[in-house]
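For reference, the structure is listed below as structure tokens.
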Amino acid sequence: MRRIDPYIVAILCTVALATVLPARGLAVPVFGDATTVAIGLLFFLYGIRLSPQDALAGVRHWRLHSLVFAATFVLFPLLGLALRVLVPGVISPELYIGLLYVCCLPSTVQSSIAFTSIARGNVSAAICAASFSNLVGIVLTPLLVGTLLTTRGGGFSGHALLDITLQLLLPFVLGQLARRWLVGFVTRHKSVLGLVDRGSVLLVVYTAFSEGVVAGIWGQLSVTSLLALVGVNIVLLALVLAVTWYGPKLLGFSREDRITIMFCGSKKSLASGLPMASVLFAGQSVGLIVLPLMLFHQIQLMVCAWLAQRLARTTAPSPEPALVA
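First residue of the sequence shown: 33, per this note's numbering; consecutive thereafter.
And the structure:
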């Protein structure tokens, strides 16, 4: 079983810090402005890193990519809508919004590729599928969240759409445009910029949970509801893993392609999900809303690490060298 991700430990420590020492008074606008800048920087760097060529290079595997896309942006949202029956008996409305949000997020890049490689799946297809998921997720995730919230009486205001454009889409597009000049610099300084990435996300988490603590977030969350949320996340992941493993088998996909579809189609990105939530849910209980994502992320890492090792023991080595990211 995989040990807890150090990044998750850092996030939990940040949550604890915000609980004990939340930003108050004059510190609130300072952290708010810093978070806005950090989110813009994150999505600018995403724009530089994500290669359109990688996302489009696997067009010949269109059936595989279609299934990954369907699992990420169709199956997950439909399951999210089905979870509505659990409100308010099992989970609170705020946690349900968080679960819906998880269901709308794109796949991860690094862990999807790494687990596919460990399990001896189709690594080149995983690179294309995960990259494409993140590219379209920049636009599709806000649209899905807005649509699903509208089905339950919510939706986005014009101001929220403007924030999405200015804080998410514009920096990402600028990063894509600047990619040809900056991708070499970003690649050479990957470790340093990785710290910038993670530090920015930690700042987003601190600001979000500070607002929640001041608003009485922990008074709304009992141990029972937290355990229920963990259980719902486990069931949600199990359903998607089952569909993305056995569904492609019925459609005649090879074992290598099924591994790719399962690992790319079942993941949800914490790295883009946390900063995006601060924009999409500005003015709401962001701390409660992102809690399902934080739990789902750690659960998916532990479960998929175990699955990848198990599949590796039962899959013949591929003649193509594996890529670990």
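Where a beta carbon is used, it is the ideal one built from N, C-alpha and C, also for glycine. Because the structure is a prediction, the values reported are computed rather than measured.
Please look up how many angstroms separate the CB atoms of S301 and S139, rounded, as I've assumed it's under 8 Å. Here residue 301 corresponds to residue number 269 of the sequence shown, with the count starting at 1. Here residue 139 corresponds to residue number 107 of the sequence shown, with the count starting at 1. Going by Cβ atoms, the distance from S301 to S139 rounds to 6 Å, so yes, they are a contact pair.
What residue does the alpha helix (DSSP H) around S304 start on, and which one ends it? As a first step, residue 304 must be located in the sequence shown, where it is residue number 272. Note, S304: alpha helix (DSSP H), L302 to L312.
Any idea what DSSP makes of H221, helix, strand or coil? Walking along the sequence shown from the start, residue 221 turns up at place 189. Coil, per DSSP.
Specify, as a first and last residue, the run of the alpha helix (DSSP H) that N154 falls within. Here residue 154 refers to the residue found at position 122 when the sequence shown is read from its first residue. Neither: N154 is in no alpha helix (DSSP H) and is coded neither H nor E.
Suppose the cutoff is 6 Å on Cβ atoms and the five residues either side in sequence are ignored; what does the same chain contact list for N154 look like? The residue you call residue 154 lines up with position 122 of the sequence shown. Around N154: E288, D289 and T292.
So, for A103: in the same chain, excluding its five sequence neighbours on each side, which residues have a beta-carbon less than 6 Å away from its beta-carbon? Numbered from its first residue, the sequence shown carries residue 103 at position 71. Listed in chain order, the non-local C-beta contacts of A103 below 6 Å within the same chain comprise T276 and G297, local neighbours out to five positions each way being set aside.
Skipping 5 residues on each side, what residues in its chain have a beta carbon closer than 6 Å to that of S350? To locate residue 350, count along the sequence shown from 1; it is residue 318. Residue placement at S350 is poorly supported in this model, since its pLDDT is 49, which falls under 50; the coordinates are not used for a value here.
Tell me the rounded alpha-carbon separation between G279 and C135. Translated into the one-based positions of the sequence shown, residue 279 becomes position 247. Translated into the one-based positions of the sequence shown, residue 135 becomes position 103. Straight-line spacing of the CA atoms in G279 and C135 works out to 19 Å.
Just tell me which of L339, L282, L333 and I266 has its CA closest to the CA of L115. Against the sequence shown, residue 115 aligns to sequence position 83. The shortest C-alpha separation from L115 is found at I266.
Which of helix, strand or coil DSSP assigns to I145: Indexing the sequence shown from 1 puts residue 145 at position 113. When DSSP states are grouped into helix, strand and coil, I145 belongs to the helix group.
Any idea if K299 is buried or exposed, counting beta-carbon neighbours within 10 angstroms, 16 or more meaning buried? Counting from 1 along the sequence shown, the entry for residue 299 is found at position 267. K299 is buried by the Cβ-count criterion.
Going by Cα to Cα distance, which pick from F295, V205, L235 and P324 is closest to A260? Within the sequence shown, residue 260 is the residue found at index 228, counting from 1. Nearest option by C-alpha distance: P324.
Pop quiz: A6 and L253 are said to be a contact at Cβ under 8 Å. What is the actual Cβ separation, rounded to whole angstroms? Since the displayed the chain opens at 33 and closes at 357, residue 6 lies outside it and no answer follows.
Of the listed residues L99, G305, A303 and F217, nearest to M294 (C-alpha basis): One-based indexing of the sequence shown puts residue 294 at position 262. Minimum Cα distance to M294 is reached at L99.
Mind the definition here: the stretch 40 to 52 touches the stretch 236 to 256 only if three or more C-beta pairs lie below 8 Å; say whether that holds. yes
Output the residue ranges of the alpha helix (DSSP H) runs that lie fully inside the stretch 58 to 99 and measure 4 residues or longer, sorted by chain position. 59 to 81 and 84 to 88
Output the residue ranges of the alpha helix (DSSP H) runs that lie fully inside the stretch 235 to 296 and measure 4 residues or longer, sorted by chain position. 255 to 282
Cβ-based burial, L270 [other Cβ within 10 Å; buried from 16]: Within the sequence shown, numbered from 1, the residue matching residue 270 stands at position 238. The sequence as given places Ala at residue 270; Leu does not occur at that position. A270 is exposed by the Cβ-count criterion.
At least three beta-carbon pairs within less than 8 Å, the stretch 166 to 178 to the stretch 301 to 312: yes
Reducing DSSP to helix, strand and coil, say where G315 ends up. The residue labelled residue 315 in the question sits at position 283 within the sequence shown. DSSP places G315 in coil when its eight states are reduced to three.
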